[in-house]
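Worksheet for the structure shown next.
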Amino acid sequence: MFRCGQILFKYRGVISAPFFILLLLFSRPVCIPVPAYVLIALGLALRLWAAGYLGERSRKNRFDAEYVVINGPYKYLKHPLYTGNFLLVCGVVILFNPPLWLGTLLIIVFITEYSIIARSETEYLKNLPTKRTEYRLKNLKGELSTILVTSVVILLSLLKTRH
């Protein structure tokens, strides 16, 4: 299970691409996307809060932490970045309004993939020391790609709504 989680973690960005293409192909974007935007905003906010405590290590393609962060969002959630991702995915699925079977499939695939990753990461972290870290804005530079991708996704939904 640990090895499977490492592989999924390494390729987590690539794994989502074909599912987004399916979502785009089968979408019927909603006309009043407020709930979707709320979930997307909450997901981004949680990611930015968590990444501020982790820094660049959160953007690598392998587990390589030297300690377990225990403050900020990590005081309340074991995996706030993954929780933020889940909120983002739910918001995007609602925004694109795919057929029920596809929306359900996307959520199931996400939960399965990230459950395996989270268990593997927990196994990796279990013997590491804990540490309180400071929130640093400079730690957010890795999140620029998340913000950019999310912006493109929203733009695509707006373009699709107009047609």
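If you count the sequence shown from 1, position 62 lands on 129 in the working numbering, and the numbers rise without skipping.
Backbone N, C-alpha and C fix where the C-beta goes; we use that ideal spot for every residue, glycine too.
- For Ser212, does the count of other Cβ atoms within 10 angstroms reach 16, so buried, or fall short, so exposed? exposed
- Task: Along the alpha helix (DSSP H) that carries Arg199, what are the first and last residues, could you check?
- Result: Counting along the chain, Arg199 falls outside any alpha helix (DSSP H), and DSSP gives it neither H nor E.
- Query: Under the three-state reduction of DSSP, which class applies to Val135: helix, strand or coil?
  - Reply: strand
- Item | Minimum C-alpha distance to Leu154 - residue among Leu215, Lys145 and Tyr104 | Tyr104
- Is the stretch 91 to 110 touching the stretch 148 to 165 in the sense that three or more CB pairs, one from each, lie closer than 8 Å? yes
- Which residue comes first and which comes last in the alpha helix (DSSP H) that contains Val156? Pro147 to Phe163
- Would you please state the rounded distance, in angstroms, between the beta carbons of Val176 and Phe86? I believe it to be under 8 Å. 6 Å
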